[in-house]
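Chains as they are written, first to last, in this note's numbering: chain A, 1 to 513; chain B, 1 to 513.
1. When you compare only the Cα positions, how much space is there between residue 498 of chain A and residue 300 of chain A?
2. Below 9 Å on C-beta distance, what does residue 470 of chain B contact in chain A?
3. How big is the Cα-Cα spacing for residue 302 of chain A and residue 30 of chain B?
4. So with Cβ pairs under 8 Å, would you call residue 361 of chain B a contact of chain A?
5. Decide yes or no for the touch test of the segment 271–280 of chain B against the segment 460–468 of chain A: beta carbon pairs closer than 8 Å, at least 3 of them.
6. To the nearest angstrom, report how far apart residue 185 of chain A and residue 116 of chain A are at their CA atoms.
7. Can you name the residues of chain B whose CB is closer than 7 Å to the CB of residue 53 of chain A?
8. My assumption, with CB atoms under 8 Å, is that residue 50 of chain B sits in contact with residue 278 of chain B. Please give the rounded CB distance.
9. Could you tell me whether the segment 368–378 of chain B touches the segment 282–300 of chain A, where touching means 3 or more Cβ pairs closer than 8 Å?
10. Considering only the alpha carbon of each residue, which of A/410, A/353 and A/222 lies closest to residue 36 of chain A?
11. Looking only at its own chain, which residues have a Cβ that is under 6 Å from the Cβ of residue 394 of chain A, when we skip the five neighbours before and after it?
12. Residue 461 of chain A versus chain B: which residues are under 8 Å apart at the beta carbon?
13. So, do the segment 343–351 of chain B and the segment 426–434 of chain A have three or more beta carbon pairs nearer to each other than 8 Å?
14. With hydrogens ignored, establish whether the beta-carbon of residue 43 of chain B is closer than 7 Å to any heavy atom of the ligand ZN.
15. Could one say the Cβ of residue 228 of chain B lies closer than 8 Å to chain A's Cβ atoms, at least one of them?
16. For a cutoff of 8 Å on Cβ pairs, would you count residue 401 of chain B as touching chain A?
17. Could you spell out where the alpha helix (DSSP H) holding residue 499 of chain B opens and where it closes?
18. In whole angstroms, what separates the C-alpha of residue 413 of chain A from that of residue 444 of chain A?
19. Pairs of beta-carbons, one from the segment 77–87 of chain B and one from the segment 304–322 of chain B, closer than 8 Å: are there three or more?
20. Once the 5 residues before and after residue 506 of chain A are set aside, which same chain residues still bring their CB inside 7 Å of it?
21. Mind checking residue 24 of chain A: buried by the 16 CB within 10 Å criterion, or exposed?
22. Please report the straight-line C-alpha distance between residue 524 of chain A and residue 219 of chain A, rounded to a whole angstrom.
23. Within its chain, find whatever has a CB closer than 6 Å to the CB of residue 264 of chain A; leave out the 5 residues flanking it on each side and keep chain order.
24. Does the segment 190–207 of chain B come close enough to the segment 224–234 of chain B to have 3 or more Cβ pairs within less than 8 Å?
25. First and last residue of the beta strand (DSSP E) that includes residue 236 of chain B?
26. Taking the CB atoms as reference points, tell me whether residue 244 of chain B and residue 304 of chain B lie closer together than 8 Å.
27. So, using beta-carbon positions, are residue 154 of chain B and residue 481 of chain B closer together than 8 Å?
28. Does residue 162 of chain B get closer than 8 Å to chain A when you measure Cβ to Cβ?
29. Using a cut-off of 8 Å between C-beta atoms, extract the partners of residue 454 of chain B located in chain A.
30. Kindly indicate which three-state DSSP category residue 60 of chain B falls into: helix, strand or coil?
31. Would you tell me roughly how many angstroms separate the C-alpha atoms of residue 419 of chain B and residue 45 of chain A, rounded to the nearest one?
32. What residues of chain B sit near residue 487 of chain A, judged by a beta carbon separation below 8 Å?
33. Report yes or no: is there a C-beta of chain B within less than 8 Å of the C-beta of residue 287 of chain A?
34. According to a CB-to-CB cut-off of less than 7 Å, which residues of the segment 226–250 of chain A neighbour chain B?
35. Could you tell me the boundaries of the alpha helix (DSSP H) in which residue 215 of chain B lies?
36. May I ask which residues mark the beginning and end of the alpha helix (DSSP H) holding residue 400 of chain B?
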């Protein structure tokens, strides 16, 4: 792996040079170290009420754990009240188990400079996860294919404000479902050197993902560190099926990480109340965290939350509305009280295209996610149409804004240089600071330069063809794909990965479900 | 005026009914009462440093007060150190003067139900102010005319989340500059019943505005209440010209309100540092507040702040970037420490059209403005192109998002109904809450319904013509203008206003500067 580290460092040098040319210095660390406070949206009394409600759900109502006898055995052995498939446990017991999960951990990348620290004051951004469709300005909307998947992995690799690859940047619908996970995991390992996730849809697919991580990182690395994680949804309300428990057993069993995410549209999978839906999500995720710690104490666990509202007129899911904005802030507070890393939010929208609606909804969703202190932000770029579609242009545009959030998270210096008293000795009232020594000294690093924003006057903008943001982003993703260079990989490791994928594909039947 | 109040109440009944049809109940109060905490972005030490820097600027560097001998006389009489046109005063003296300004006051509207409370936990949204150009999808970009001005006043009246009319919704460039203020102020008084601002560009124009307010509201109202305000910029850095001091003298002299706004692009009108620019803005606005209190102790004063950054590549002003987002949060903290109402932020962008860039920049700018606790938000809807252009569609789209912010500002209930325990007795794990009693009980008021967001599936959206947000907004403003009904006005009052305007127009020469 040492070879990778060295060449990786060279690559990053080149990337940084490119970034400087684009005028965005300093926004491409492996992850964000937050320097600003958290937003205390809900008061102590409200937070305690939400925790009491979660405890009530866990202890009195209970959660269903279905289709996995081993999960029930584990709960029974731990002393939980198991009644058929209903599992109840006191809040204290669940909290004690949650306490063994690390509040902060590192997911190693094959390029060590891209390893991410998850939890505490750190924030990690990853792209959209799961859409069966893709859309771009040239070809419109169509089913995602492996070709698109590889494009999107390469773009994620090239975009400095995406720290992590996620996994299902789109569904590669031209590959049988039974084999898809192999191509997806391989693509992230081969065409990017950022950390990424593994499959969860079936136990064997999770096992394949961990096996591939062992080939890429080495057996020892996986014994000592988190190199791959799964991201899995509960079946809200209050049902945890085998997809969840088996994913936990595979990933945590191998000392790897798991992220469990109650996906709740208030009014459907939870009560039509933001507070109740938050408490329910908390209960579901806490029970899964406790379960992960019963499987392997100390295994990395990310408390997930994905809450949204719906249209009162049509019942359609809505995104970026004030209710999920509120839930981002509040779940951030609750996760910190539990001491667990948090996944929530993202650049979410119900819009079909990257228009004004999409940007308003995505921005309100994402700025609140960032202010809320979410440690791992899946869906931070590229999401369209309630998660059904990955937008090429939207990926570029969202990623550009992520750079702005990183600058905000760095806080505001107030040292002597920042206070600029010498500038006032040089510049008279009604004068200007454009050429003064303080400006010359600080100009290059003073402001975030959004590469997708056009701030020129209207005449220059019209001369260049009156291109709107989508059109500029369309040019940009093509440039990025054209200038893409694959990160180096040890040929022996690559061959071993290819062999593994080929063997498993031979063993598995073609299945489309 | 009683007649107005009564008919006004009838009108509001109709407006509310329309709102309910659109599915946005409860988002159209006269102003927002904030129920959530403020965001403590900067720590105590940083805030003290900024205040010390402001004191240093006021006491050691001093501000220029030019072209208004009366202003210098007032400062001298108050004991300030006046050296030529340079005025210096200790921070303590300035703070003591600022303390006589009300921390909260009411601006009365001609419809009393639309009077706004400014300061404390209240927030008031007003549209764009100042653009010489207008743009819509049908006619593109052109100079603003009186016809556009009246359209925009009517739209502001019709949009429930705009609480205040502002003044210069666009420059009516077809009316001589010397007479423009009369037509603008009259349009707000006649075509809307929301509160609005008066002119400031010349002392006589400010006087005309106050005179017209006396006609509309009655002499007594103006003696007792704030019925009109001026909004004026300092000439940063550190210059206060007669436009500012004379506006203060006219408005505060008549016991009306004034809002003084240092407009600083960091690196040009302030040092290339967010912290230093904030401190400078604070010093400039505090000196003007102190001056307003020397003119009339207790006169309503709004501490203004308008800070932005610039492109490192071109030097062009940028908007919605992380540096002004930070400044919104910090100036919010500083204004609260001073106990003064604050104007800052808005839905700002450098984009020429209402595209993804415009929405990202506007949203980050506006959500931070709202979280920062800005009491009066001018430029909250319709701003394009760095303030050079008013967008018809953008006005509609921004106003729709303002409704979402109002829901967020109302906070999250955690009462028994919100905790929905009865729903869990009715809904089994893996079931759904769609038809349960709790949902039926709460469905209609549960979520914000964004009227400009399309949350339907892609097939329905395509069937309706694949309209993006701008196209939907284009339809909406036409509908709103078509269904517009003027608020009733006492014919005698209207005639008196028309006579005043006609007389002043006869007295004034046509001038285009």
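Each residue gets a CB set at the ideal place from its N, CA and C atoms; glycine is no exception.
Walking through what the data contain:
1. Along the first chain, one-based indexing puts residue 498 of chain A at 498. Along the first chain, one-based indexing puts residue 300 of chain A at 300. If I take the Cα positions, the gap works out to 28 Å.
2. Counting from one through the second chain, the residue named residue 470 of chain B turns up at place 470. Within chain A, the residues near residue 470 of chain B are 355 and 356.
3. Locating residue 302 of chain A in the first chain gives position 302, counting from the first residue. Locating residue 30 of chain B in the second chain gives position 30, counting from the first residue. Near 43 Å, if we compare the C-alpha coordinates of residue 30 of chain B and residue 302 of chain A.
4. One-based indexing of the second chain puts residue 361 of chain B at position 361. Yes - at least one Cβ of chain A is within 8 Å of the one on residue 361 of chain B.
5. no
6. Position 185 of the first chain holds residue 185 of chain A. Position 116 of the first chain holds residue 116 of chain A. C-alpha separation (whole angstroms): 18 Å.
7. As a position in the first chain, residue 53 of chain A is number 53, starting the count at 1. By Cβ distance, chain B contributes 419.
8. Counting from 1 along the second chain, the entry for residue 50 of chain B is found at position 50. Counting from 1 along the second chain, the entry for residue 278 of chain B is found at position 278. 6 Å between Cβ atoms; contact.
9. no
10. By 1-based counting over the first chain, the position of residue 36 of chain A is 36. Nearest C-alpha to residue 36 of chain A: A/410.
11. For this step, residue 394 of chain A is matched to residue 394 along the first chain. Within the same chain, residue 394 of chain A has close Cβ partners 354, 382 and 384.
12. Here residue 461 of chain A is taken as the residue at index 461 of the first chain, counted from 1. Going along chain B in sequence order, the residues near residue 461 of chain A (Cβ under 8 Å) are 352.
13. no
14. With respect to small molecules bound, the structure shown includes none, and the ligand ZN cannot be examined in it.
15. By one-based count along the second chain, residue 228 of chain B stands at place 228. Closer than 8 Å: no.
16. What you label residue 401 of chain B is simply residue 401 of the second chain in a count that begins at 1. Answer yes: the Cβ-Cβ gap between residue 401 of chain B and chain A drops below 8 Å somewhere.
17. Numbered from 1 along the second chain, position 499 holds the residue referred to as residue 499 of chain B. Per DSSP, residue 499 of chain B belongs to the alpha helix (DSSP H) from 491–507.
18. Within the first chain, numbered from 1, the residue matching residue 413 of chain A stands at position 413. Within the first chain, numbered from 1, the residue matching residue 444 of chain A stands at position 444. When rounded, the distance between both Cα atoms is 16 Å.
19. no
20. Taking the first residue of the first chain as position 1, residue 506 of chain A is located at position 506. Once the five neighbours on either side are set aside, residue 506 of chain A has no close Cβ partner at all.
21. In the first chain, residue 24 of chain A corresponds to position 24, counting from 1. With a pLDDT of only 34 at residue 24 of chain A, under the threshold of 50, the placement of this residue in the model should not be trusted, and no figure is reported.
22. Since the first and last residues shown for chain A are 1 and 513, residue 524 of chain A lies out of range.
23. Working through the first chain from its first residue, we reach residue 264 of chain A at position 264. The residues are 236, 270, 277, 281 and 307.
24. yes
25. Here residue 236 of chain B is taken as the residue at index 236 of the second chain, counted from 1. Run containing residue 236 of chain B: none; DSSP gives neither H nor E here.
26. Numbered from its first residue, the second chain carries residue 244 of chain B at position 244. Numbered from its first residue, the second chain carries residue 304 of chain B at position 304. No, they are not a contact pair.
27. Translated into the one-based positions of the second chain, residue 154 of chain B becomes position 154. Translated into the one-based positions of the second chain, residue 481 of chain B becomes position 481. Cβ distance < 8 Å, so residue 154 of chain B and residue 481 of chain B count as in contact.
28. In the second chain, residue 162 of chain B corresponds to position 162, counting from 1. No, residue 162 of chain B lies away from the interface with chain A (no Cβ there is under 8 Å from its Cβ).
29. Position 454 of the second chain holds residue 454 of chain B. Result: 350, 351, 352 and 357.
30. Numbered from its first residue, the second chain carries residue 60 of chain B at position 60. It is helical.
31. As a working mapping, residue 419 of chain B is identified with position 419 in the second chain. As a working mapping, residue 45 of chain A is identified with position 45 in the first chain. Answer to the nearest angstrom: the Cα atoms are 13 Å apart.
32. Within the first chain, the letter at position 487 stands for residue 487 of chain A. Ordered by position in chain B, no residue passes the 8 Å Cβ test against residue 487 of chain A, which lies about 29 Å from the chain.
33. By 1-based counting over the first chain, the position of residue 287 of chain A is 287. By this cut-off, residue 287 of chain A is not an interface position.
34. 235, 237, 238 and 239
35. Counting from 1 along the second chain, the entry for residue 215 of chain B is found at position 215. 203–217 is the span of the alpha helix (DSSP H), which, as asked, contains residue 215 of chain B.
36. Here the question's residue 400 of chain B lines up with position 400 in the second chain. Here the alpha helix (DSSP H) through residue 400 of chain B covers 392–409.
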